[in-house]
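Engineer: Mind looking over this structure? Questions follow.
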Amino acid sequence: MVSRVRVWLNRTYAENVFFMDQLRRNPSDRAVEIHATHGDPDSPVLAAADTAELEPEGLSPTAYVEYALTQCERRGIDVFVPRLHQSAIVAHRAEFEAAGTALLAPPPEAVAVFEDKVVAYQAVESIGVPVPPWWRVRDADELLTAVEELERLGHRACFKPAAGAGGVGFRMITREPFSLSQLKGFPGPHVPLDLVLESLRRAEEPVDWLVMPRLEQPEVSVDCLTGPDNRLRLAIGRTKHGRRRGFTLHERWLEPARRIAEGFGLHHLSNIQFRMLGDRPVLMDVNTRPAGGLHQLALCGVNVPWAAVRLALGDDPGEISPPFLGQDYTVVSAPRPLLPVTVPRQRADSPTVTGTLDALPAQAAPVEPRAAASGALQ
């Protein structure tokens, strides 16, 4: 009899409830139990999991690794999909393997390249993947220089944190003065240059921003599954143009994504995003984790989360080609049940039930270093 697979997702995006659904509906018909942890008691991933806990707040990356190792040992985790503190966790892969847990994440060297967007752009440029013109900015004078040069080249300037995920901190620069027109309708990403410069000059410490031209649609996110041998098993592009979404296997998107995933050893799941600069695609971002929209590839007849779990467990799924490309679609919201705050979602037959889910995250407790399999944590 084939044993169940126990998977843990830590402090992940709400959309990954669909990732969890696909694991349970896997084509191998193998039993999957899912453990989820989060800092928000109202996260839908807690309600969707078989077992759930609130994460302690205030842990340093090193202390979080200790917490994660304890979770894996106590919960019998077979595959851990880390999002929070990914770089610290993958640096201790050997300790997790000693605990019987496979990490569904790239090696530390690959994660390090793409933590900082400036380092990432320099790295991918060195292997011939086109990137937009960019400036690293730390103060008002550097910002003004970058904006003026972009405008001289005929571009509209925007900026975002040099380190960060998603669209957090993304803003587009405008020369228009702040007025009532910017208070109408919904808040937007446009910020007047004079207000940004004034804020920077008043700031007590430097910022760390990447300034670049506004890139145009379509946006194409290439979801990649790469083996530990640095060979791609799957690459499918998800296209986005306004509300319209679709899929592509065109090499203008897949070829540079393949070059990045295989060249930098982005093992397991990664997401590589492109947009248009004029008439050519350029790299926008590289995520060393599963994308929130990964589940949408089910419209192409593939279950990528399950293929990734198989690969993490050493059961190589081989090269995967979608049997078809799904029709264009859009994304709409839908209700999803939440947990009563004080009642955790636990399987009745689970031997790991430990009590109720507190209304607030626990405060971080001191963590004593353990004697790890490959040496003490640094």
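For the sequence shown, numbering that gives the first Met the number 0 puts the final residue at 377, and the numbers step up evenly by one.
Just so you know, even glycine gets a beta-carbon here, dropped at the ideal spot from N, CA and C.
Indicate the three-state DSSP secondary structure (helix, strand or coil) for P365 in the structure shown.
Structural biologist: Low local confidence applies: a pLDDT of 41 at P365 is under 50, so the model's placement there is unreliable, and no value is given.
Engineer: Under a Cβ-count criterion, where at least 16 other Cβ atoms within 10 Å of its own Cβ denotes burial, should H267 be classed as buried or exposed?
Structural biologist: Buried, because 16 or more other Cβ atoms sit within 10 Å of the Cβ of H267.
Engineer: Who are W208's beta bridge partners in DSSP?
Structural biologist: Looking at the DSSP assignment, W208 forms a beta bridge with V136 and P160.
Engineer: Just mark Q70 as buried or exposed, buried being the case when its beta carbon has 16 or more other beta carbons within 10 Å.
Structural biologist: Buried is the call here.
Engineer: In this structure, does DSSP put C241 in helix, strand or coil?
Structural biologist: A small fix is needed here, since residue 241 is Gly in this sequence, not Cys. Coil at G241, not helix or strand.
Engineer: Should V301 and P321 be called a contact, given that it needs their Cβ atoms to be closer than 8 Å?
Structural biologist: Yes; because the gap between Cβ atoms is below 8 Å, this pair is in contact.
Engineer: Output needed for D402: all residues of its chain with C-beta closer than 8 Å, excluding positions within five of it in sequence on either side, in chain order.
Structural biologist: Limits of the chain in this structure are 0 at one end and 377 at the other, which puts residue 402 out of reach.
Engineer: Name the DSSP beta bridge partners of L224, please?
Structural biologist: Note: L224 sits in a beta bridge opposite L233 and L268.
Engineer: Grouping DSSP H, G and I as helix and E and B as strand, with all else coil, what is F273?
Structural biologist: If DSSP states are grouped into helix, strand and coil, F273 belongs with the strands.
Engineer: Examine the Cβ distances between the region 242-262 and the region 96-103 and report whether three or more of them are shorter than 8 Å.
Structural biologist: Touching, no.
Engineer: For the alpha helix (DSSP H) holding D327, just list the boundary residues, first then last.
Structural biologist: Where D327 is concerned, there is no enclosing alpha helix (DSSP H), given that its DSSP letter is neither H nor E.
Engineer: Among residues of its own chain, excluding the 5 on either side of G262, which ones have a beta-carbon nearer than 7 Å to its beta-carbon?
Structural biologist: I126, listed in sequence order.
Engineer: By DSSP's criteria, P280 is part of a beta bridge. Which residues make up the other side?
Structural biologist: Paired residue(s): M275.
Engineer: Taking C-beta to C-beta, are L231 and V303 nearer than 8 Å?
Structural biologist: The answer is no: Cβ separation not under 8 Å.
Engineer: Tell me the residue span of the alpha helix (DSSP H) that contains E65.
Structural biologist: That run of the alpha helix (DSSP H) goes P60 to R74.
Engineer: What residues match up with W7 in a beta bridge as DSSP calls it?
Structural biologist: Answer is H34 and F79, bridged to W7.
Engineer: What is the rounded straight-line gap between the Cα of G236 and the Cα of V221?
Structural biologist: Spanning the two alpha carbons is a distance of roughly 4 Å.
Engineer: Using only alpha-carbon positions, find the residue among W7, D228, A290 and V130 that is nearest to R74.
Structural biologist: Measuring from the Cα of R74, the nearest candidate turns out to be W7.
Engineer: If you follow the alpha helix (DSSP H) that P107 is part of, which residue opens it and which one closes it?
Structural biologist: Run containing P107: P107 to E114, per the alpha helix (DSSP H) assignment.
Engineer: In angstroms with no decimal places, state the Cα-to-Cα distance between V44 and P289.
Structural biologist: V44 and P289: Cα-Cα distance of roughly 15 Å.
Engineer: Check each candidate in L196, L312, L324 and T238 and name the one with the smallest Cα separation from V4.
Structural biologist: Residue L312 is the option with its Cα nearest to V4.
Engineer: Does Y328 pass the burial test, meaning 16 or more other C-beta atoms within 10 Å, or should it be called exposed?
Structural biologist: Y328 is exposed by the Cβ-count criterion.
Engineer: Nearest-angstrom Cα distance between A46 and Q295?
Structural biologist: Whole-angstrom Cα-Cα distance: 21 Å.
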